[in-house]
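S.K.:
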Amino acid sequence: MTARVIDGKAVAAKVREQIADVVEQFRNQSNVEPHLAAVLVGDDPASAIYVRNKERACEKVGIKSTLHRLSGETTQAQLLDLVQQLNSDRSVHGILVQLPLPQQIDPIAILDAVTPLKDVDAFHPENVGLIVQGRPRFLPCTPRGVQVLLAESGTDVSGKHAVVLGRSEIVGKPMALLLMQKGETANATVTICHSRTQNLADVTRTADILIAAIGSPEFVTGDMVKPGAVVIDVGTNRVNDKLVGDVAFDQVAEIAAAITPVPGGVGPMTIAMLLQNTLTAAKLSVDS
Ligand code: GUN
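Below, the structure is given as structure tokens:
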């Protein structure tokens, strides 16, 4: 293997320590305990694990977390009621509704109902609009996590060609926005590829920075990567009970200059950025 492995676990641990210090200062100054309310509907095992990890991470940095568990038969009206209740609860600063939701519930109706000031996922149209305009309130957790990983790994982004594989609302689209904007670890020339892109490998081979977020196990193979590229793997696919990324790690590690592993790459960073957003939300509640 020639590529340097970017250790997301270590970077996330460092970021969490910094957040813990700021949380302590904030609590001392304001007497406010930052508080994240997580909502889990149904009993999807993967979602239950994610939510538990988020709760643990909160507790470790001095952020209170409460979990609202609802049955898989919950109606949209019942879930909207809970969201409204959390919106008006002054002790709650951040609201996270874990996705996916059961099929009887329209996720857009629920995510739009979360008050933008508590929308720590940055999914609300108002917050997405602020990101588009380059004046974010909250930064989208996974894309921001990738950006911090690029910064911490010393990757030069300005003027480089970043190719984002995937156009999801949660990762692909906001990832492209963060990288194309003016600012630190940004100013890239960005291309978004997706399932309809023609001659995909010809495009990905021109990437200085390749971000794989297509949700297809080991989709990115060695022949799709330019020698010396930095490859970030956002994929979390469960294959035979094992977590596998969107990148064929062993092959690509022979060609890339740096690569993130799965697990232990982007995943821990997403949670660290959620903590950051919850702290931001608590600060906003004091300022407003
Ligand atoms: N499900 C998968 N990723 C996410 C995320 O970033 N936020 C929420 N709320 N649910 C998810």
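Quick note on numbering: the sequence shown equals residues -14 to 273 in the working numbering. Ideal Cβ placement from N, Cα and C applies to all residues, glycine included. Model, not experiment: these values are computed from the prediction.
Please indicate yes or no: does the CB of Leu84 lie closer than 6 Å to some heavy atom of ligand 1?
M.R.: Yes; taking the cut-off as 6 Å, the Cβ of Leu84 has a heavy atom of ligand 1 nearer than that.
S.K.: Could you check whether the Cβ of Leu81 sits closer than 6 Å to any heavy atom belonging to ligand 1?
M.R.: Yes, the Cβ of Leu81 comes within 6 Å of a heavy atom of ligand 1.
S.K.: Given 6 Å as the limit, tell me if Asp106 has its C-beta closer than that to any heavy atom belonging to ligand 1.
M.R.: Because some heavy atom of ligand 1 lies under 6 Å away, the Cβ of Asp106 counts as near it: yes.
S.K.: Mind checking Pro110: buried by the 16 CB within 10 Å criterion, or exposed?
M.R.: Classification of Pro110: exposed, given that the 10 Å Cβ count is below 16.
S.K.: Answer with buried or exposed for Gly213, where buried requires no fewer than 16 other C-beta atoms within 10 angstroms of its C-beta.
M.R.: With fewer than 16 Cβ atoms within 10 Å of its Cβ, Gly213 is classed as exposed.
S.K.: Would you kindly report the start and end of the unbroken alpha helix (DSSP H) that includes Ile95?
M.R.: From DSSP, the alpha helix (DSSP H) with Ile95 extends over Pro92 to Ala98.
S.K.: According to DSSP, is Leu124 helix, strand or coil?
M.R.: Leu124 falls in the coil class under three-state DSSP.
S.K.: Are the beta-carbon atoms of Ala98 and Val77 separated by less than 7 Å?
M.R.: No, these two residues do not count as a Cβ contact at 7 Å.
S.K.: At 4 residues or longer, what runs of the alpha helix (DSSP H) sit wholly inside the region 114 to 193?
M.R.: Segments of the alpha helix (DSSP H) lying fully in the region 114 to 193: 126 to 137, 157 to 165 and 185 to 189.
S.K.: With a threshold of 16 other CB atoms inside 10 Å of the CB of Lys103, please say whether the residue is buried or exposed.
M.R.: Its Cβ being crowded by 16 or more others within 10 Å, Lys103 is buried.
S.K.: Going residue by residue through the region 213 to 237, where are the continuous beta strand (DSSP E) segments of at least 3 residues, counting only ones entirely within it?
M.R.: 215 to 218, 222 to 224 and 227 to 229, all fully within the region 213 to 237.
S.K.: Alpha carbon to alpha carbon, how far is Leu269 from Lys45? Give it in angstroms, no decimals.
M.R.: Rounded to the nearest angstrom, the two C-alpha atoms are 22 Å apart.
S.K.: Taking one C-beta from the region 53 to 68 and one from the region 237 to 256 each time, how about it: are there three or more such pairs within less than 8 Å?
M.R.: Counting Cβ pairs under 8 Å, fewer than three are found: no touch.
S.K.: For Val(-4), does the three-state DSSP call read helix, strand or coil?
M.R.: It is helical.
S.K.: If you draw a straight line from the alpha carbon of Leu228 to that of Gly249, how long is it in whole angstroms?
M.R.: Roughly 11 Å between the two C-alpha positions.
S.K.: Rounding to the nearest angstrom, what Cα-Cα distance links Val0 and Val210 in this structure?
M.R.: Going from the Cα of Val0 to the Cα of Val210 covers about 29 Å.
S.K.: Please state whether the Cβ-Cβ distance between Ile90 and Leu65 is less than 7 Å.
M.R.: Not in contact: Ile90 and Leu65 (Cβ atoms no closer than 7 Å).
S.K.: Roughly how many angstroms separate the alpha carbons of Glu359 and Ala238, rounded to a whole number?
M.R.: The chain is shown from -14 up to 273; residue 359 falls before or after that span and cannot be answered.
S.K.: Does the region 48 to 58 come close enough to the region 18 to 35 to have 3 or more Cβ pairs within less than 8 Å?
M.R.: Because the criterion of three Cβ pairs below 8 Å is met, the region 48 to 58 and the region 18 to 35 touch.
S.K.: Decide yes or no for the touch test of the region 257 to 265 against the region 216 to 236: beta carbon pairs closer than 8 Å, at least 3 of them.
M.R.: Touching, no.
S.K.: Which residues in the same chain as Thr140 place their Cβ atom closer than 6 Å to its Cβ, once the five residues preceding and following it in sequence are excluded?
M.R.: Cβ neighbours of Thr140 beyond the five flanking positions: Val215.
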